[in-house]
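As structure tokens, the structure follows; a few thoughts come after it.
There are 2 protein chains.
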Amino acid sequence: MPTPAPGNEPPAVTATDNLTAAGGPATRAPLPGAGSATLRMWVRLLACAKIGEKQLRRKFDEQFDTTLPRFDVLAALDRVPEGLSMSALSRALLVSNGNVTAIVRQLQAQGLVASRIDPHDARSAIVSLTPAGQRQFDTLATAHHAWIAAMLRDVPAERVDQLVRSLGELRAILEERT
Amino acid sequence: MPTPAPGNEPPAVTATDNLTAAGGPATRAPLPGAGSATLRMWVRLLACAKIGEKQLRRKFDEQFDTTLPRFDVLAALDRVPEGLSMSALSRALLVSNGNVTAIVRQLQAQGLVASRIDPHDARSAIVSLTPAGQRQFDTLATAHHAWIAAMLRDVPAERVDQLVRSLGELRAILEERT
DNA sequence: CCTTTATGCTTTAAGCCTAAAGAAAGAGGA
DNA sequence: TCCTCTTTCTTTAGGCTTAAAGCATAAAGG
């Protein structure tokens with residue numbers, strides 16, 4: 003559609019990418035120095051995460067009839083063969099306690115994870131992968147890895163390394179302020 | 003908390019940060035070259051987005067009794083005074099069409115946005131900020147900007163600039179593959 | 001033993017999100 | 001006119017997410 007109904011197509015920019023565009027040379031910008039570079043960084047970070055997540059979510063659904071959060075649980079459990087308590091799981095995944103309850107219930111119904119009472123604490127359930135869950139995770143992880151490699155194949159290797167470092171630093175800073 | 007309840011505290015790493023850790027010098031790594039640097043980059047990107055989003059969501063809720071998605075809608079509309087159709091809005095926000103319906107309905111009930119029929123196309127509703135919505139957005143945007151500046155105040159300015167560039171490049175690449 | 005306090009987990013209410021199906025309007029051609 | 005195809009939007013079913021309330025267990029102190 004060339005020249006589509008004037009004023010109907012938005013610039014394909016997410017949210018507030020250029021909040022300070024109007025106003026000319028700002029003489030009283032809030033929080034001077036930092037300017038809005040941090041805001042632009044944040045908006046772009048979020049856009050990247052959203053776009054990529056959308057692609058991965060669709061792949062998980064289409065090819066394996068599962069979801070990203072369920073994969074995340076399996077991945078967390080794969081890293082700790084002894085199993086994790088619900089609380090530990092929720093901390094590892096950065097989601098709320100109640101949320102984990104529902105997701106684990108689904109995986110349990112599918113026979114992918116098992117839950118036993120902590121012998122040292124009757125309140126605590128320890129969740130771990132079943133053999134079927136381990137097999138399922140291995141399959142999913144391979145596909146997941148390949149999807150991401152494909153998604154990012156046009157990003158130069160040195161740029162990837164740079165981002166690994168910078169984002170690691172950024173994550174450390176963000177975690178401090180929690 | 004030094005030495006906390008042995009075996010109960012997971013390493014504070016999100017999801018699959020080091021999938022290839024076990025196995026020594028891999029002789030048959032899938033997708034050689036790229037290795038798992040892309041995977042680590044992706045996991046870190048996602049972690050940063052989640053941590054930051056969580057903080058912002060809480061701030062929006064506590065201080066203004068609103069939500070991030072609603073702010074996103076206001077922000078998109080602020081950038082286009084003539085208003086946007088529901089479809090254009092959903093494209094700008096990277097969310098589904100049906101989702102926008104619900105969020106706009108909320109904002110409409112609060113009197114922050116108005117919706118009129120497109121005179122050129124009776125199917126299309128054009129949504130725009132009301133004066134009250136504009137005032138609300140200005141307030142929220144100022145706070146939002148300040149929160150982000152505070153959240154990222156320990157990231158060196160040159161690192162911010164570097165990330166702005168790299169993430170912009172990354173976003174462009176991700177958008178191609180949609 | 002009993003009370004108080006803290007912890008682990010589940011439940012609930014409310015909201016965000018998607019895909020898919022459906023309703024309504026536009027656009028084009030026979 | 002009528003038929004078909006497309007586009008725009010809403011609705012629906014299902015899943016993720018949170019905060020807050022509630023239940024059960026644990027831990028500490030009288």
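Order-wise, the sequence lines are chains A and B. Last residue of the first sequence? That's 180 in my numbering, and every number before it is there in order. Last residue of the second sequence? That's 180 in my numbering, and every number before it is there in order. Even glycine gets a Cβ: it sits at the ideal position worked out from N, Cα and C.
task: Mind listing the chain A neighbours of Glu177/B? Cutoff is C-beta to C-beta under 7 Å, in chain order.
output: Within chain A, the residues Ile53 have their CB atoms less than 7 Å from the CB of Glu177/B, given in chain order.
message: Strictly under 7 Å for the Cβ-Cβ distance: is Gly170/B near chain A by that measure?
response: Contacts with chain A at 7 Å (Cβ-Cβ) include Gly170/B.
query: What are the residues that DSSP puts in a beta bridge with Ile119/A?
result: Ala127/A, per the DSSP bridge assignment.
- prompt: Quick one: is Ser189/B buried, meaning 16 or more other Cβ sit within 10 Å of its Cβ, or exposed?
  reply: Coverage of chain B is limited to positions 3 through 180, which leaves residue 189/B absent and any answer about it impossible.
query: Shorter than 7 Å from the beta carbon of His122/A to some beta carbon of chain B?
result: No, because no Cβ of chain B sits closer than 7 Å to the Cβ of His122/A.
- prompt: Which partner residues does Ser87/A have in the DSSP bridge list?
  reply: Bridge partners of Ser87/A according to DSSP: Ile128/A.
- prompt: Mind checking whether Leu70/B and Ile53/A have CB atoms under 7 Å apart?
  reply: Not in contact: Leu70/B and Ile53/A (Cβ atoms no closer than 7 Å).
query: When the Cα of Leu165/B is compared with those of Ala77/B, Leu47/B, Ala39/B, which residue comes out closest?
result: For the residues Ala77/B, Leu47/B, Ala39/B, the minimum Cα distance to Leu165/B belongs to Leu47/B.
- request: Please confirm if Trp44/B has its CB atom under 7 Å from at least one CB of chain A.
  value: By this cut-off, Trp44/B is an interface position.
- prompt: Okay, do the segment 56-67 of chain B and the segment 140-153 of chain B touch, 3+ Cβ pairs below 8 Å being the bar?
  reply: Contact between the segment 56-67 of chain B and the segment 140-153 of chain B is present, because at least three Cβ pairs lie under 8 Å.
query: Among Asp67/B, Thr68/B, Phe66/B, Leu95/B, which has the Cα closest to the Cα of Arg79/B?
result: Here residue 79/B turns out to be Leu, not Arg, going by the sequence shown. Among Asp67/B, Thr68/B, Phe66/B, Leu95/B, the Cα nearest to that of Leu79/B is on Leu95/B.
- request: Give the single residue among Leu169/B, Asp74/B, Val162/B whose Cα lies nearest to the Cα of Ala39/A.
  value: Ranking Leu169/B, Asp74/B, Val162/B by Cα distance to Ala39/A puts Val162/B first.
Endpoints, alpha helix (DSSP H) assigned at Gly54/A: Looking at the DSSP string, the run of the alpha helix (DSSP H) that includes Gly54/A is 39-66.
- prompt: Quick one: is Gly135/A buried, meaning 16 or more other Cβ sit within 10 Å of its Cβ, or exposed?
  reply: Answer is buried; the Cβ neighbour count reaches 16.
task: Kindly give me the distance between the Cβ atoms of Ala116/B and Ser130/B, rounded to whole angstroms, as I take these residues to be in contact under 8 Å.
output: About 6 Å separates the Cβ atoms of Ala116/B and Ser130/B, confirming a contact at the 8 Å cut-off.
field: Coil, strand or helix - Thr29/B by DSSP
entry: Summary for Thr29/B: the model assigns pLDDT 34, below 50, so the residue's position carries little reliability, and this model does not support an answer.
query: Closest by CA to Gln108/A, which one among Ala77/A, Arg72/A, Arg42/A?
result: The shortest Cα separation from Gln108/A among Ala77/A, Arg72/A, Arg42/A belongs to Arg72/A.
query: Between the segment 157-169 of chain A and chain B, which residues of the former have CB atoms less than 8 Å from a CB of the latter, in chain order?
result: Those would be Val157, Ala159, Arg161, Val162, Asp163, Gln164, Leu165, Val166, Ser168, Leu169, in chain order.
query: Ser38/B versus chain A: which residues are under 8 Å apart at the beta carbon?
result: Scanning chain A for C-beta atoms nearer than 8 Å to the C-beta of Ser38/B yields His147, reported in chain order.
- request: State yes or no: is the beta carbon of Ala174/B nearer than 7 Å to at least one beta carbon in chain A?
  value: Look at Ala174/B: its C-beta is not under 7 Å from any C-beta on chain A.
task: Measure from the C-beta of Met153/B to each C-beta in chain A and report whether the shortest distance is under 7 Å.
output: Closer than 7 Å: yes.
query: What is the C-beta distance between Leu41/B and Leu76/B, in whole angstroms, given that I count them as a contact (C-beta under 8 Å)?
result: Approximately 36 Å separates the beta-carbon atoms of Leu41/B and Leu76/B; this is outside 8 Å, ruling out the contact.
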